[in-house]
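Read in order, the letters of the sequence shown correspond to residues 43 to 184 in my numbering. Note that beta-carbon positions come from the ideal geometry of N, C-alpha and C, so glycine has one too. To start, the structure itself, in structure tokens.
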Amino acid sequence: MKKKKYMKQERELAIQCLYQIEFHQEMDAHTYFMRFFEQEKNFQYAESYTKKLIDVVVQHKKVLNELLEEFLKKDWTLNRLPLIEATILRTALAEMYYLNQPPEIAINEAIELTRMYSDEASTKYINGVLHNIAEKRLPSHD
């Protein structure tokens with residue numbers, strides 16, 4: 043149970059940090075990551091998975107964006123989505139695609155994070171996009 047709780051915190055920290063990295067584009071990800079964690083000392087066990095998740099999203103952002111845009115509504119781009127929603131989509135996809143997280147877990151966590159930071163319509167949209175990618179582009183985890 044503790045591990046599950048910490049994983050939720052780690053994902054949330056990753057989302058917060060990645061959002062800030064996108065918002066403050068003049069700073070490189072590693073520098074921002076170090077500054078962010080100096081301020082977030084209350085998340086004691088977060089650094090390992092959070093750092094891995096952030097590194098994967100930053101390193102593979104172009105591929106993640108291309109894959110996501112393939113599954114957005116017609117004539118939509120990630121730039122049209124609120125920044126927090128694009129960040130949540132990228133992070134969930136990175137977990138499924140690069141960190142071998144089972145899609146049902148990554149999608150559920152993305153939905154919970156969307157409920158925290160956005161609205162119900164956005165949760166449905168994010169759920170749909172991620173489910174379509176999981177069904178059509180990811181190997182089965184059966």
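Inter-residue Cα distance where the pair is Asn174 and Phe113:
7 Å
Just the Cα atoms here: how many angstroms apart are Ala136 and Val98?
7 Å
Quick check on DSSP: helix, strand or coil for Arg61?
Here residue 61 is Tyr; the residue named in the question, Arg, does not match the sequence. Helix, per DSSP.
Please state whether the Cβ-Cβ distance between Leu155 and Ile57 is less than 8 Å.
yes
Ignoring anything shorter than 4 residues or poking outside the region 120-169, list the alpha helix (DSSP H) runs there in chain order.
125-139 and 145-159
Measure the CB-CB distance between Ala128 and Ile149 and report whether it falls below 8 Å.
no
Can you give me the Cβ contacts of Met138 inside the same chain, cut-off strictly under 7 Å, excluding the 5 residues immediately before and after it?
Pro145, Ala148, Ala176 and Leu180
Alpha helix (DSSP H) segment containing Leu109, residue limits:
Lys103 to Phe113
From Tyr167 to Glu52, what does the alpha carbon distance come to, in whole angstroms?
23 Å
At the level of alpha carbons, what is the spacing between Pro124 and Val171?
15 Å
What would DSSP say about Met49, mapped onto helix, strand or coil?
helix
Which term fits Val105, buried or exposed, when burial requires 16 or more other beta carbons within 10 angstroms of its beta carbon?
exposed
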